[in-house]
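**Student:** Mapping the sequence shown onto numbering that gives the first Met the number 0, position 15 (from 1) lands on 14, and the numbers just tick up by one. Note that CB positions come from ideal geometry on N, CA and C, so glycine has one too. Can you read through this structure? Questions will come right after.
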Amino acid sequence: MKPEVSEANLLARIDLDRLPQHIAVIMDGNGRWARRRHLPRIAGHRAGIRAVRQAVEACARLGVPYLTLYAFSVENWKRPHTEINLLMALLREYLKKEIGELNKHNIRLGVIGRVGELPKPVQADLQVALQRTCRNTGLRLTLALNYGARAELIDAVRALAEQLKRNGSMRIDEATFSQHLYTRDVPDPDLLIRTSGELRLSNFLLWQVAYSEIWVTETLWPDFTQKDLFQAIIDFQKRERRYGGLGLG
Ligand code: IPE
Ligand code: IPE
Ligand code: MG
Numbered sequence: 000m001k002p003e004v005s006e007a008n009l010l011a012r013i014d015l016d017r018l019p020q021h022i023a024v025i026m027d028g029n030g031r032w033a034r035r036r037h038l039p040r041i042a043g044h045r046a047g048i049r050a051v052r053q054a055v056e057a058c059a060r061l062g063v064p065y066l067t068l069y070a071f072s073v074e075n076w077k078r079p080h081t082e083i084n085l086l087m088a089l090l091r092e093y094l095k096k097e098i099g100e101l102n103k104h105n106i107r108l109g110v111i112g113r114v115g116e117l118p119k120p121v122q123a124d125l126q127v128a129l130q131r132t133c134r135n136t137g138l139r140l141t142l143a144l145n146y147g148a149r150a151e152l153i154d155a156v157r158a159l160a161e162q163l164k165r166n167g168s169m170r171i172d173e174a175t176f177s178q179h180l181y182t183r184d185v186p187d188p189d190l191l192i193r194t195s196g197e198l199r200l201s202n203f204l205l206w207q208v209a210y211s212e213i214w215v216t217e218t219l220w221p222d223f224t225q226k227d228l229f230q231a232i233i234d235f236q237k238r239e240r241r242y243g244g245l246g247l248g
């Protein structure tokens with residue numbers, strides 16, 4: 000068995016001058032974590048909040064400027080009502096409880112997705128959390144809620160079509176298109192993490208991950224710790240990003 004590496008040891012191996020600027024995470028495996036313990040699925044979601052705190056704290060400690068967490072997809076409405084209701088209740092609880100912590104660490108909250116289709120009380124709590132953290136200048140924490148990349152692309156195309164109708168003509172290139180995505184004020188992710196071992200994107204940031212480095216761990220989301228995030232960054236820093244060119248050879 001490999002000896003456990005300490006958090007301090009992992010931290011020391013990170014080159015702070017070459018941090019990923021934006022880390023995006025597909026937080027997966029809450030249900031399996033609960034099933035393994037013979038607990039209801041919601042217990043896994045509740046334990047997942049601990050892991051959210053770990054990821055947020057690790058990014059804030061290191062000085063990673065952007066963290067985006069996939070919390071609820073447009074496809075997740077297919078789940079039983081009871082699970083959805085409990086997920087929404089957990090989200091409201093998180094938003095209320097966490098504002099103080101976010102402010103303490105100078106973290107600004109953002110949200111991407113079709114927020115207008117979320118239950119009204121969730122929207123109200125989101126507005127409060129966004130407003131109460133909007134002056135923070137540290138980590139930008141974005142929650143993807145009722146998010147689907149295809150929906151985002153369609154929304155962008157609709158906005159562009161509206162503009163074209165109004166103005167008669169317009170320039171359409173990659174930069175203008177990006178400006179019409181929900182992520183217009185966030186750089187593309189450098190590092191995409193998925194937990195629980197699934198090798199798929201599940202409709203997450205399809206445009207933005209064109210050249211992201213992908214890191215998948217078997218660890219289930221509720222077990223994810225700061226050490227896992229540090230390990231992901233260490234591995235990321237070993238990768239050679241070529242963007243279609245020849246790289247350094
Ligand atoms: C991820 O965990 C959280 C959400 C999608 C809300 P899952 O609920 O998908 O957990 P598994 O994949 O069933 O284990
Ligand atoms: C992706 O996980 C969505 C979130 C993490 C919010 P899912 O569990 O919904 O994805 P699939 O169904 O395994 O692709
Ligand atoms: Mg899942």
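Is there at least one non-hydrogen atom of ligand 1 closer than 6 Å to the beta-carbon of D222?
**Tutor:** Taking the sequence shown and counting its residues from 1, the one referred to as residue 222 is at position 223. No, since every heavy atom of ligand 1 falls outside the 6 Å radius drawn around the Cβ of D222.
**Student:** With C-beta atoms as the reference, is I153 less than 7 Å away from Y93?
**Tutor:** To locate residue 153, count along the sequence shown from 1; it is residue 154. To locate residue 93, count along the sequence shown from 1; it is residue 94. No; because the gap between Cβ atoms is not below 7 Å, this pair is not in contact.
**Student:** Which runs of the beta strand (DSSP E), 3 residues or longer, sit entirely within the region 76-118?
**Tutor:** 107-111
**Student:** Within 10 Å of its beta-carbon, does C133 have 16 or more other beta-carbons around it, so buried, or fewer, so exposed?
**Tutor:** Position 134 of the sequence shown, counting from 1, holds the residue named residue 133. Looking at its Cβ environment, which holds fewer than 16 other Cβ atoms inside 10 Å, C133 is exposed.
**Student:** Cα separation between L89 and I83?
**Tutor:** By one-based count along the sequence shown, residue 89 stands at place 90. By one-based count along the sequence shown, residue 83 stands at place 84. L89 and I83: Cα-Cα distance of roughly 10 Å.
**Student:** Quick check: is any heavy atom of ligand 4 less than 6 Å from the C-beta of D27?
**Tutor:** Of the ligands one can find in the structure shown, namely ligand 1, ligand 2 and ligand 3, none is ligand 4.
**Student:** Identify the residues that DSSP records as bridge partners of V51: which are they?
**Tutor:** What you label residue 51 is simply residue 52 of the sequence shown in a count that begins at 1. Note: V51 sits in no beta bridge, so no partner.
**Student:** At a threshold of 6 Å, does Y69 count as lining ligand 2 (C-beta to nearest heavy atom)?
**Tutor:** In the sequence shown, counting from the first residue as 1, residue 69 sits at position 70. Within 6 Å of the C-beta of Y69 there is at least one heavy atom belonging to ligand 2.
**Student:** Counting only runs that start and end within the region 193-242, where is the alpha helix (DSSP H) found for 4 or more residues in a row?
**Tutor:** Here the runs fully enclosed are 225-237.
**Student:** Verify whether the separation of the beta carbon atoms of Q20 and P79 is less than 7 Å.
**Tutor:** What you label residue 20 is simply residue 21 of the sequence shown in a count that begins at 1. What you label residue 79 is simply residue 80 of the sequence shown in a count that begins at 1. Result no, Cβ atoms of Q20 and P79 do not sit closer than 7 Å.
**Student:** For V24, does the three-state DSSP call read helix, strand or coil?
**Tutor:** Translated into the one-based positions of the sequence shown, residue 24 becomes position 25. Per DSSP, reduced to three states, the secondary structure at V24 is strand.
**Student:** Considering just the uninterrupted stretch of the alpha helix (DSSP H) at R31, what are its terminal residues?
**Tutor:** The residue you call residue 31 lines up with position 32 of the sequence shown. Run containing R31: N29 to R35, per the alpha helix (DSSP H) assignment.
**Student:** Would you say R249 touches ligand 1, meaning its beta carbon is less than 6 Å from a heavy atom?
**Tutor:** In the structure as shown, the chain starts at 0 and stops at 248, and residue 249 therefore has no counterpart that could be examined.
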